[in-house]
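Heads up: the first sequence begins at 666 in the numbering used here, then just goes up one per residue.
The C-beta atom is built at its ideal place from N, Cα and C for all residues, glycine as well.
Shown next, in structure tokens, is the structure this report addresses.
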Amino acid sequence: MSEIPSRYDPKSVEEKRLKLWDEKKPFHAVAGRSPKGAFTIVIPPPNVTGVLHMGHALNNTLQDILTRYKRMQGFDTLWMPGTDHAGIATQNVVEKQIAKEGQTRESLGREKFLERLWEWKRHNGDTIINQLHKLGSSCDWDRTRFTMDEPYSEAVREVFIELHKRGLIYQGRYIINWCPRCQTALSDEEAEHKDAGGQLWHLKYPFKHDPSQFIVVATTRPETMLGDTAVAVNPADERYTDLIGKTLVLPLVNREIKVIADDHVDRSFGSGAVKVTPAHDPNDFAMGRRHNLEFINIMHPNGVMNANAGAFDGLDRFEARKRVVKAMDEAGLLVKIEQHAHAVRRCYRCDTIVEPYLSRQWFVKMKPLADKALEAFRRGEPVIQPKRWEKVYENWLVDIRDWCISRQIWWGHRIPVWYDEEGNAFVARNEQEAQEQCQRQFGTIKKLTQDPDVLDTWFSSWLWPFATLGWPHENKDLSYFYPTHTLFTAPEIIFFWVARMTMAGLEFRGQAPFSNVVLHGTVRDTQGRKMSKSLGNAIDPLEIIAEFGADALRFSMILNSGQDIYISKEKFEIGRNFSNKLWNAGRFVLMNVTPEGRASSAQEIDRAALDMPSRWILSLYSRAVQDTARAIEQYRYSEAVNILYEFFWSNYCDWYLEMIKARFSDINTQKTAFFVLINTLKLLHPFIPFVTEELYAHFTGEEKVLTLESWPAEDSFLQDTAAEAAVGALIDITGGIRNIRSQWNIRPADLVACSFVCASPERLDFLRENIEVIGKLVRFSEVSYQPQAGNFRNCAVGVAGDIKYFIPLGELIDIEKEKKRVREQIVQQEKTAASIEGRLANPGFTAKAPAEVIAKERQRMQELRERNIQLETTLSSLV
RNA sequence: GGACGCAUAGCUCAGUUGGUUAGAGCGCUGCCCUCACAUGGCAGAGGUCGCAGGUUCGAUUCCUGCUGCGUCCACCA
666 MSEIPSRYDP
676 KSVEEKRLKL
686 WDEKKPFHAV
696 AGRSPKGAFT
706 IVIPPPNVTG
716 VLHMGHALNN
726 TLQDILTRYK
736 RMQGFDTLWM
746 PGTDHAGIAT
756 QNVVEKQIAK
766 EGQTRESLGR
776 EKFLERLWEW
786 KRHNGDTIIN
796 QLHKLGSSCD
806 WDRTRFTMDE
816 PYSEAVREVF
826 IELHKRGLIY
836 QGRYIINWCP
846 RCQTALSDEE
856 AEHKDAGGQL
866 WHLKYPFKHD
876 PSQFIVVATT
886 RPETMLGDTA
896 VAVNPADERY
906 TDLIGKTLVL
916 PLVNREIKVI
926 ADDHVDRSFG
936 SGAVKVTPAH
946 DPNDFAMGRR
956 HNLEFINIMH
966 PNGVMNANAG
976 AFDGLDRFEA
986 RKRVVKAMDE
996 AGLLVKIEQH
1006 AHAVRRCYRC
1016 DTIVEPYLSR
1026 QWFVKMKPLA
1036 DKALEAFRRG
1046 EPVIQPKRWE
1056 KVYENWLVDI
1066 RDWCISRQIW
1076 WGHRIPVWYD
1086 EEGNAFVARN
1096 EQEAQEQCQR
1106 QFGTIKKLTQ
1116 DPDVLDTWFS
1126 SWLWPFATLG
1136 WPHENKDLSY
1146 FYPTHTLFTA
1156 PEIIFFWVAR
1166 MTMAGLEFRG
1176 QAPFSNVVLH
1186 GTVRDTQGRK
1196 MSKSLGNAID
1206 PLEIIAEFGA
1216 DALRFSMILN
1226 SGQDIYISKE
1236 KFEIGRNFSN
1246 KLWNAGRFVL
1256 MNVTPEGRAS
1266 SAQEIDRAAL
1276 DMPSRWILSL
1286 YSRAVQDTAR
1296 AIEQYRYSEA
1306 VNILYEFFWS
1316 NYCDWYLEMI
1326 KARFSDINTQ
1336 KTAFFVLINT
1346 LKLLHPFIPF
1356 VTEELYAHFT
1366 GEEKVLTLES
1376 WPAEDSFLQD
1386 TAAEAAVGAL
1396 IDITGGIRNI
1406 RSQWNIRPAD
1416 LVACSFVCAS
1426 PERLDFLREN
1436 IEVIGKLVRF
1446 SEVSYQPQAG
1456 NFRNCAVGVA
1466 GDIKYFIPLG
1476 ELIDIEKEKK
1486 RVREQIVQQE
1496 KTAASIEGRL
1506 ANPGFTAKAP
1516 AEVIAKERQR
1526 MQELRERNIQ
1536 LETTLSSLV
């Protein structure tokens, strides 16, 4: 195996494996092949605008681990990949692009603009898919879906029509969140609250009957006063009882408005009187409806004041704010300006301050959908992990509000509604169907125009788990692979996406779309900040793959995954080092194992002929198989990686391989070393697919796709407590001797003899058999044992367990230093023993503690005392 | 304003029903290029488990309060 280089080269290996996977298409899922059934997960579709960032890398690594594991377990495993058209986000990107050419979407026209978008999608849309590919994601790439593909769009239209039929979609005039820059409606989730150090302006509104009298109102948006149609007070507020029903004159516009009473008003806030602007504030809108107020829209959709703003017509909203304040001040009607921290809604795509705006939009009535989801959730569909998110999910379903689904943009699914010239709406699959409806209803063909708006991006994403499988057309894949198993996603989109998917799944398939939801943390830098391009703290996964390898990226990320993941570039060294360690251990085993030693199953090993170290490693291996599987099933991936790291590096490499170096000629030792390592490759494969598969090819001598090989059997008959105890003793004594050698700084060049004494006869036999192993491990040329304690004069002496060891080094030994060390150890141990003694003397403890705990404590105390007696002997023998 | 989470070694984190001497990796110190691996090996230093109470024979673990940090939600003008 001299052709295997001594350093693992991720680049060439990854290229090779990816090419093989492209050719063989091992991740392609076929319905009904395996008796174990289907295992499906759908990818949270990344935006077509996206390039791979660490969040994706984490999200997809988690999915890949489970997918590869389940595939090895023999399920028909489907990981469905795809991308989302991401309406506003993508449109913004292309709008920026055409802006460089001096164009706007209006100047290009709808058709041309959409052409540009599709063109953009064709050229850039698959970038992220290619990048996921590089990460090692074992998706069924041939099934890659896009939310605007025609079959998918059909599903979107079908859902709209069906929900409309069920009375769950309606059109209404409401205050919605309006982004004046994107010029579209936003859902509540798309309008993010952000704290702003705002101001609160206190304004005087004079009475009509006596202009010297006035009411003071407070507002954070003074320009909206131009649209005021009332002032509201709390009916129980004595200060204002007499004023209810009186008429005020709205300054600057000289409109007469009434003082009304409404329970909504909080008496303790500000002056206790609220200006009411029904067309520009959601609360005021509600009051406006309750009191039949006039709705005066004072703004154009782009945030510029309109004719209703009188003297302020044509001003931008923020300019208008300044001018209004100035005008009020000049009129002596500005009482004061207070600093007032409050939250302002901003567009989640362009960060523009959102304007509450009155307009006609399409809505989904959510209550009936949410009720079904709530009911399902309460019977465990889906199970959400970590548990603490359950409440968040549930609360949102309980406090559900209707969903505004129309968007005044062009990139997206056109709303399947046609209008005649009188404004009658026909909800239909296409224009022809709309015409048919029209004819049925009015007996005549009319000129119809389609609604210019498109649907919210999430109105397509919420169908993802079944629309990707061909819904609304029944087919084998749909019935076999749906519902899916686990959804891995970020907690930020519980509302946007997760809850809505459950609702859609229940409504249209009668089943929750996934049985489990795993919400993972955010990838942050080491200072805990979110990674973002604008902060400049983002680590590019592609750069990490180029420098350390995809396996290193995956391994380090999983190893570091707690709640949130704090990552810096250096962390990937661990993954790189681990890959290299694995590579070299593989190389070493291959160098030393003869063809007869290539055992692939535990049955091929003659266990009766096995020495302790081999029995020991087989025992630990069997535990590792169990523990790893359990950790994966419980989504405790970092624990799984830790188990394997510890098993492979600390036990297999550091102890086992070192112990057997002297015995590699033994065929059963070869078989054990080979068997354990080849199966460790399998255990590690879900986490680090490239290096394990490459090594596996070297081990088996043929190119195999490792995720199609079967997961190792637990082989629990290999577990062997006697071997674990015996090797434990060997490790003890080796550690003890090494410790002493290190304390006295004995260099390997000064190879000398070393002896030890063993007090327990059964261990002595074992140690005698392994004397050469110990010699090798501690790198003394000559190690011997003595059946009894002898003369320790002029020797280094130490104690490890029931074994004393001494090193006859005369002049090298610093006796005083050693004495001090031993004395300290005695004191320490006596302290511990005394505290246990105290505990044992405590009547409460003996009365209430379980018997086994008491026995354990007593034994521990006795051990400590015995060990101290040994140490005393040791001490006295040091002269 | 509401809800939730976190606080353990210099750093990032484990610690699964309260009970050995609280662990790991990185970093740090010392010694080693030993024939798989210096992306390595061996040894070592480093922690009053955020603070204050409470429950208990016993608390890092359970309860309460406080402090600090974080996240989500929210129509207080």
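Since residue i contacts residue j with CB under 8 angstroms, what's their CB separation in whole angstroms?
i	j	result
A1177	E1096	With a Cβ gap of about 36 angstroms, A1177 and E1096 do not count as contacting.
L717	L1207	6 angstroms
W1376	M737	4 angstroms
I1070	W1027	5 angstroms
V1448	R1403	Actually they are not in contact, since the Cβ atoms of V1448 and R1403 sit about 12 angstroms apart, beyond 8 angstroms.
F811	H750	7 angstroms
V989	E855	That belief does not hold up - the Cβ atoms of V989 and E855 are roughly 28 angstroms apart, past 8 angstroms.
R1189	D1229	5 angstroms
A820	Y1145	About 18 angstroms; that fails the 8 angstroms criterion.
A850	R1011	About 15 angstroms separates the two Cβ atoms, so there is no contact after all.
F1220	V1306	7 angstroms
V941	D949	5 angstroms
L1383	Y1317	No, L1383 and Y1317 are not in contact; Cβ-Cβ is about 14 angstroms, not under 8 angstroms.
N725	L800	6 angstroms
Within the same chain, show all residues whose beta-carbon is closer than 7 angstroms to that of residue i, passing over the 5 residues directly before and after it, in chain order.
i	result
I961	G892, T894, A944, N973
S667	Because the pLDDT at S667 is just 45, under 50, the model does not fix this residue reliably, and the value given afterwards should be weighed accordingly. Taken in chain order, the list of residues that qualify is empty.
E1522	I1501, R1504, L1505
L1348	A1289, V1290, T1293, L1309, P1377
A1035	L1062, I1065, M1168
Start and end of the alpha helix (DSSP H) containing residue i?
i	result
L1360	1354-1365
H750	Here H750 belongs to no alpha helix (DSSP H), and DSSP marks it neither H nor E.
H788	775-789
Q1026	Note, Q1026: premise wrong, no alpha helix (DSSP H); beta strand (DSSP E) at 1020-1029.
F1243	1237-1257
H798	792-799
F1107	1096-1107
R1010	Where R1010 is concerned, there is no enclosing alpha helix (DSSP H), although the beta strand (DSSP E) it sits in stretches over 999-1012.
S677	675-689
Just to confirm my understanding: we take residue i, look at its own chain, exclude 5 residues before and 5 after, and list those with CB closer than 6 angstroms. What are they?
i	result
Q728	I706, F1153
I834	L828, V1029
A1388	M1277, R1280, W1281, S1284
L908	V924
Q796	L717
Taking the continuous beta strand (DSSP E) assigned at residue i, which residues delimit it?
i	result
A1514	Counting along the chain, A1514 falls outside any beta strand (DSSP E), and DSSP gives it neither H nor E.
A938	938-941
A897	895-898
M1084	The amino acid at residue 1084 is misidentified as Met; the sequence shows Tyr. From DSSP, the beta strand (DSSP E) with Y1084 extends over 1082-1084.
A1338	Note, A1338: premise wrong, no beta strand (DSSP E); alpha helix (DSSP H) at 1332-1349.
R920	920-926
V707	703-707
Less than 8 angstroms between C-beta atoms, sequence neighbours within five positions excluded: which residues of the same chain meet that for residue i?
i	result
Y1302	L727, I730, I1223, S1226, A1296, F1352
D805	F692, H693, A694, L743, W744, M745, P746
Next item on the list: Could you tell me whether the segment 1109-1119 touches the segment 1074-1092, where touching means 3 or more Cβ pairs closer than 8 angstroms?
Entry: Counting Cβ pairs under 8 angstroms, three or more are found: they touch.
Margin query: Tell me whether the segment 775-795 and the segment 1156-1163 touch, counting them as touching only if at least three CB pairs, one residue from each stretch, are closer than 8 angstroms.
Written below: Short answer: they don't touch.
Checklist line | Any 3 or more C-beta pairs closer than 8 angstroms across the segment 862-881 and the segment 996-1005 | finding: Verdict: yes, contact present.
Next item on the list: Decide yes or no for the touch test of the segment 1032-1041 against the segment 1135-1146: beta carbon pairs closer than 8 angstroms, at least 3 of them.
Entry: They do not touch, by the three-pair rule.
Check: Counting Cβ pairs closer than 8 angstroms, one from the segment 1354-1366 and one from the segment 1277-1290, do we hit at least three?
Finding: The segment 1354-1366 makes no contact with the segment 1277-1290; the number of CB pairs closer than 8 angstroms stays below 3.
Note to self: Under 8 angstroms, with one C-beta from each stretch per pair, do the segment 1260-1270 and the segment 1301-1311 reach the 3-pair mark?
What the structure shows: Not touching, per the Cβ criterion.
Margin query: What ranges does the beta strand (DSSP E) occupy inside the segment 827-866, keeping only unbroken runs of at least 3 residues that lie completely in it?
Written below: As far as the segment 827-866 is concerned, its whole beta strand (DSSP E) runs of at least 3 residues are 834-844, 849-851.
Margin query: Taking 8 angstroms as the cut-off, does the segment 1432-1446 touch the segment 1397-1412 (at least 3 CB pairs, one atom from each stretch)?
Written below: Contact annotation: the segment 1397-1412 touches the segment 1432-1446, with at least three C-beta pairs closer than 8 angstroms.
Margin query: So, does the segment 867-879 touch the segment 988-1001, judging by three or more C-beta pairs under 8 angstroms?
Written below: The answer is yes - the segment 988-1001 touches the segment 867-879, with three or more Cβ pairs under 8 angstroms.
Margin query: Any contact between the segment 1238-1250 and the segment 670-680? By contact I mean 3 or more CB pairs, one from each, below 8 angstroms.
Written below: With a cut-off of 8 angstroms, the segment 670-680 and the segment 1238-1250 count as touching, because enough Cβ pairs lie within range.
Checklist line | the segment 1017-1025 touching the segment 918-928, judged by at least three CB pairs closer than 8 angstroms | finding: Using a Cβ-Cβ distance cut-off of 8 angstroms, the segment 1017-1025 and the segment 918-928 are not in contact, since fewer than three pairs of beta carbons, one from each stretch, lie closer than that value.
Notebook entry, point to check: Three or more beta-carbon pairs under 8 angstroms between the segment 1257-1267 and the segment 1323-1335, yes or no?
Noted result: Short answer: they touch.
Margin query: Taking contact to mean 3 or more Cβ pairs, one atom from each stretch, closer than 8 angstroms, check whether the segment 762-782 and the segment 1073-1087 are in contact.
Written below: The segment 762-782, when compared against the segment 1073-1087, does touch it at the 8 angstroms Cβ threshold.
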